[in-house]
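In our numbering, the protein residues as written are 223 to 750.
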């Protein structure tokens, strides 16, 4: 498999292919143009681009949440103003595409120079930024750079720099001229210098899986260089093979006596092929004439089964390494449960990434904004969407029999999730409990049935009242106040078995416990 990018000397180097096949396994290997250039190219290629974009949209599908209604309205307005959903998708695409992301918050200042409000969010092109750390070489180089700056604050900062552990960030320099794509402003300050210096606290920087070897982060595409190039190479070969069926290669045998006219013959043949002509040749006149021109089609050869297995292997390896299956966005199977299980695994894999990014953005972006608006820090947080398929039919079937026992808040949330939003009047009606009504005193049985004495008839009437719907719907306090005298009166009746007298209160208590258990199950199903 050809793994090279572009190299002008490879055609003149007989050993290029063999050396390049092994070069990718060298720890010091760098593709032509550098890793950033290759990663930028890779994230725009077909299925790779789709995976990077889909992973970003799935991972960052969420919103800011607060317990306070007024604060929630302010957060929603802030998110719309900052285009926060779009910004988070771009944040994650740079995070996985380049292995690092730089976000510059622009804040307005008050009269004392303190941050007042967030105006906008700008993403900085990752390849244009160099990160300086407190190692000896970076400190020396950054000091020299800051000496030439015009800002007093930057010059003073350069004088304080000292070498340390080598891992702490001491500043960033963005070079528009060296890395900027065509059309980008190359002198933002208008001072003839294409660079801009940022203090460590001026940028929100996040590296993907940093390590002593990959201090600036490791891109998802860079991790899978060999797999990606193998996949793209197979796709290229498949496209060439498919085109050869519609435009096959021909082998022409030109007679020896016509060899000097081959250029003329080639031109005529090419014209005919482009026009879709058939080829007609005049046969030999006598047995002594030279061999006539012969045309044959060159068909591809090989083992189709082994090629198909190799393609499937590379595709499976690509899907596993990129962490995104085709079934997440499409399905050719009627087996719904398989897709749900795959999404559960995918969501579990994204959970730590979501948490890490949320912590960074909450600490460095959201909490400063909350403080500037007079809210308590930590009073808002990111909540991400559940990626599992929401089977509303199954959920409604399970919960429908339990609707009479749901709390008002859960019932309103359930109806809204099912696509039945309620008006304010309907919500108020649900949230307002009906006033309890006192049960009517049991009427004395005037005419007991044949063979039944008056005491038994009275007891039967009391038992029927205890189990009546009006009594069962009473709140706990009212229930005890009403039931206590009834049970006491029933206990005074002669001839009533003791188990019957003691069963009313324990039975209702058991029923209450069962409802509470079902309520916990409902809250768990709804994710509340």
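Glycine included, each C-beta is placed from N, C-alpha and C at the ideal position.
Cβ contact check for the segment 295 to 315 and the segment 335 to 347: 3 or more pairs under 8 Å: The answer is yes - the segment 335 to 347 touches the segment 295 to 315, with three or more Cβ pairs under 8 Å.
How would you label residue 453, buried or exposed, when you count the other beta carbons within 10 angstroms and need 16 or more for buried? Numbered from its first residue, the chain shown carries residue 453 at position 231. Per the 10 Å Cβ criterion, buried.
How would you write the range of the alpha helix (DSSP H) that residue 268 sits in, first residue to last? Position 46 of the chain shown holds residue 268. Note, residue 268: alpha helix (DSSP H), 268 to 281.
Tell me which same chain residues have a C-beta within less than 6 Å of the C-beta of residue 322, skipping the five on either side of it? Locating residue 322 in the chain shown gives position 100, counting from the first residue. By the criterion of a C-beta distance shorter than 6 Å, residue 322 is surrounded in its chain by 348, 429, 438 and 439, once the five residues flanking it on both sides are discounted.
Under 8 Å: do the segment 314 to 332 and the segment 357 to 365 share three or more Cβ pairs, one atom per stretch? no
With 16 other Cβ atoms within 10 Å as the buried cut-off, status of residue 458: Residue mapping note: residue 458 aligns to position 236 of the chain shown, counting from 1. Burial call: exposed.
With a 10 Å radius around its C-beta and 16 neighbouring C-beta atoms as the bar for buried, classify residue 314 as buried or exposed. Taking the first residue of the chain shown as position 1, residue 314 is located at position 92. Buried.
Judging by CA-CA distance, which residue of 491, 261 and 284 is the nearest neighbour of residue 274? Translated into positions along the chain shown, residue 274 becomes position 52. It is 261 whose Cα lies nearest to the Cα of residue 274.
Using DSSP bridges, identify the partner residues of residue 352. Taking the chain shown and counting its residues from 1, one reaches residue 352 at position 130. DSSP output for residue 352 lists 395 as bridge partner(s).
Rounded C-beta distance between residue 606 and residue 284? I'm assuming under 8 Å. As a first step, residue 606 must be located in the chain shown, where it is residue number 384. As a first step, residue 284 must be located in the chain shown, where it is residue number 62. So it is a contact: roughly 4 Å between Cβ atoms.
Which runs of the beta strand (DSSP E), 3 residues or longer, sit entirely within the segment 429 to 499? 471 to 475
Give me the Cα-Cα distance between residue 309 and residue 738, rounded to the nearest whole angstrom. Within the chain shown, numbered from 1, the residue matching residue 309 stands at position 87. Within the chain shown, numbered from 1, the residue matching residue 738 stands at position 516. Residue 309 and residue 738: Cα-Cα distance of roughly 43 Å.
Alpha-carbon spacing of residue 628 relative to residue 298, whole angstroms: By one-based count along the chain shown, residue 628 stands at place 406. By one-based count along the chain shown, residue 298 stands at place 76. Approximately 29 Å, taken between the alpha carbons.
Cα-Cα separation between residue 532 and residue 443, rounded to whole angstroms: For this step, residue 532 is matched to residue 310 along the chain shown. For this step, residue 443 is matched to residue 221 along the chain shown. Looking at the two C-alpha atoms, the distance is approximately 21 Å.
Which residues share a DSSP beta bridge with residue 603? On the chain shown, residue 603 is found 381 positions in, with the first residue counted as 1. Looking at the DSSP assignment, residue 603 forms a beta bridge with 287.
Pairwise C-alpha distance: residue 602 and residue 291: As a first step, residue 291 must be located in the chain shown, where it is residue number 69. As a first step, residue 602 must be located in the chain shown, where it is residue number 380. Approximately 11 Å between the Cα atoms of the pair.
Rounded to whole angstroms, what's the CA-CA distance from residue 581 to residue 462? Just pull it up for me. Numbered from its first residue, the chain shown carries residue 581 at position 359. Numbered from its first residue, the chain shown carries residue 462 at position 240. If I take the Cα positions, the gap works out to 48 Å.
With DSSP run on the structure shown, which of helix, strand or coil describes residue 327? Residue numbering aside, residue 327 sits at position 105 when the chain shown is read from its first letter. Three-state DSSP puts residue 327 in a strand.
Does the distance from the C-beta atom of residue 324 to that of residue 398 stay below 9 Å? Here residue 324 corresponds to residue number 102 of the chain shown, with the count starting at 1. Here residue 398 corresponds to residue number 176 of the chain shown, with the count starting at 1. Contact: no.
Residue span of the alpha helix (DSSP H) that contains residue 195, given as start and end: Since the first residue shown for the chain is 223 and the last is 750, residue 195 is missing from the structure and cannot be characterised.
Residues of its chain near residue 417, where Cβ-Cβ distance is below 6 Å and the 5 sequence neighbours each way are ignored: Within the chain shown, residue 417 is the residue found at index 195, counting from 1. Correct list, in chain order: 395 and 397.
Buried or exposed: which applies to residue 638, given that a residue is buried once 16 or more other Cβ atoms fall within 10 Å of its Cβ? What you label residue 638 is simply residue 416 of the chain shown in a count that begins at 1. Burial check for residue 638: the Cβ neighbour count within 10 Å stays below 16, so the residue is exposed.
Could you pull the DSSP bridge partners for residue 339 from this structure? Taking the chain shown and counting its residues from 1, the one referred to as residue 339 is at position 117. Note: residue 339 sits in a beta bridge opposite 330.
Let's test the definition: count the other Cβ atoms within 10 Å of the Cβ of residue 530 and tell me whether it reaches 16, buried, or not, exposed. Here residue 530 is taken as the residue at index 308 of the chain shown, counted from 1. Exposed: under 16 other Cβ atoms inside 10 Å.
Would you decide whether residue 353 is buried or exposed? Buried here means 16 or more other CB atoms lie within 10 Å of its CB. Position 131 of the chain shown holds residue 353. Answer is buried; the Cβ neighbour count reaches 16.
Mind checking residue 717: buried by the 16 CB within 10 Å criterion, or exposed? Counting from 1 along the chain shown, the entry for residue 717 is found at position 495. Confidence is the limiting factor: at residue 717 the pLDDT is only 47, short of 50, which leaves the residue's position unreliable, though a coordinate-based value still follows. It is exposed - the Cβ of residue 717 has fewer than 16 other Cβ atoms within 10 Å.
With DSSP as the reference, identify every bridge partner of residue 426, one or two as the case may be. Stepping through the chain shown from its first residue, residue 426 is reached at position 204. In DSSP, residue 426 forms a bridge with 325.
Element boundaries [alpha helix (DSSP H), containing residue 379]: As a first step, residue 379 is located in the chain shown; it is residue number 157 there, counting from the start. From DSSP, the alpha helix (DSSP H) with residue 379 extends over 374 to 381.
Residue 351, buried or exposed, once every other Cβ within 10 Å from all chains shown has been counted against 16: By one-based count along the chain shown, residue 351 stands at place 129. Answer is buried; the Cβ neighbour count reaches 16.
Can you name, in chain order, every residue of its own chain whose Cβ lies under 6 Å from the Cβ of residue 569, other than the five neighbours on each side? The count along the chain shown starts at 1 and reaches residue 569 at position 347. Closer than 6 Å at the Cβ level, and outside the excluded window around residue 569, lie 609.
Between which two residues does the alpha helix (DSSP H) holding residue 308 run? Residue mapping note: residue 308 aligns to position 86 of the chain shown, counting from 1. Looking at the DSSP string, the run of the alpha helix (DSSP H) that includes residue 308 is 306 to 319.
Cα separation between residue 496 and residue 485? For this step, residue 496 is matched to residue 274 along the chain shown. For this step, residue 485 is matched to residue 263 along the chain shown. Spanning the two alpha carbons is a distance of roughly 17 Å.
Presumed contact (8 Å Cβ cut-off) between residue 450 and residue 270, rounded CB distance: For this step, residue 450 is matched to residue 228 along the chain shown. For this step, residue 270 is matched to residue 48 along the chain shown. Confirmed, about 6 Å.
For residue 572 versus residue 281, is the C-beta distance shorter than 9 Å? To locate residue 572, count along the chain shown from 1; it is residue 350. To locate residue 281, count along the chain shown from 1; it is residue 59. Yes, these two residues count as a Cβ contact at 9 Å.
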